[in-house]
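Residue numbers (my numbering): 420 to 539.
Glycine included, every Cβ here is placed at the ideal spot set by N, Cα and C.
Accompanying notes for the structure given below.
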């Protein structure tokens with residue numbers, strides 16, 4: 420049975436167990452390549468260096484970050500999300516960002532850490 424509680428802003432949020440949280444495989448990666456997806460106003464196709472492999476991730480960051488701002492950026496990636504096709508392009512993960520008042524900020528690390536390092 421799911422448990423709901425009120426968040427700071429009064430909206431209902433579902434509580435999850437620590438066991439469920441531990442199912443998430445969050446890792447550090449570095450954006451190696453960025454390109455716009457033809458025909459889309461919002462989507463980039465990223466190649467992200469995850470240390471032991473290169474991941475392709477589709478993300479809706481057009482309008483928030485330029486290609487130049489993204490290339491070389493250290494990000495946090497959810498790596499065990501089921502692969503999906505977005506706008507006809509395969510996406511094998513999801514990057515994490517915070518949203519507030521229509522602005523996005525990518526989650527990153529505060530010091531140098533190798534690609535592929537697990538977020539705990």
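Under the three-state DSSP convention, the category residue i falls into
| i | result |
| --- | --- |
| residue 445 | strand |
| residue 519 | strand |
| residue 438 | helix |
| residue 489 | helix |
| residue 539 | coil |
| residue 529 | coil |
Closer than 6 angstroms: residue i CB and nearest the ligand NAP heavy atom
| i | result |
| --- | --- |
| residue 517 | Ligands displayed in this structure: none; no statement on the ligand NAP is therefore possible. |
Assigned exposure category for residue i - 16 Cβ within 10 Å defines buried
| i | result |
| --- | --- |
| residue 498 | buried |
| residue 435 | exposed |
| residue 512 | buried |
| residue 437 | exposed |
| residue 441 | exposed |
| residue 537 | exposed |
| residue 464 | buried |
Spatial neighbours of residue i in its chain, beta-carbon cut-off 6 angstroms, leaving aside the 5 residues before and after
| i | result |
| --- | --- |
| residue 473 | 466 |
| residue 505 | 477 |
Residues near residue i in its chain [Cβ-Cβ closer than 8 angstroms; skip 5 each side]
| i | result |
| --- | --- |
| residue 423 | 431, 432, 433, 434 |
Could you check whether the region 485 to 495 touches the region 445 to 452, counting it as contact only if at least three pairs of C-beta atoms, one from each stretch, sit closer than 8 angstroms?
yes
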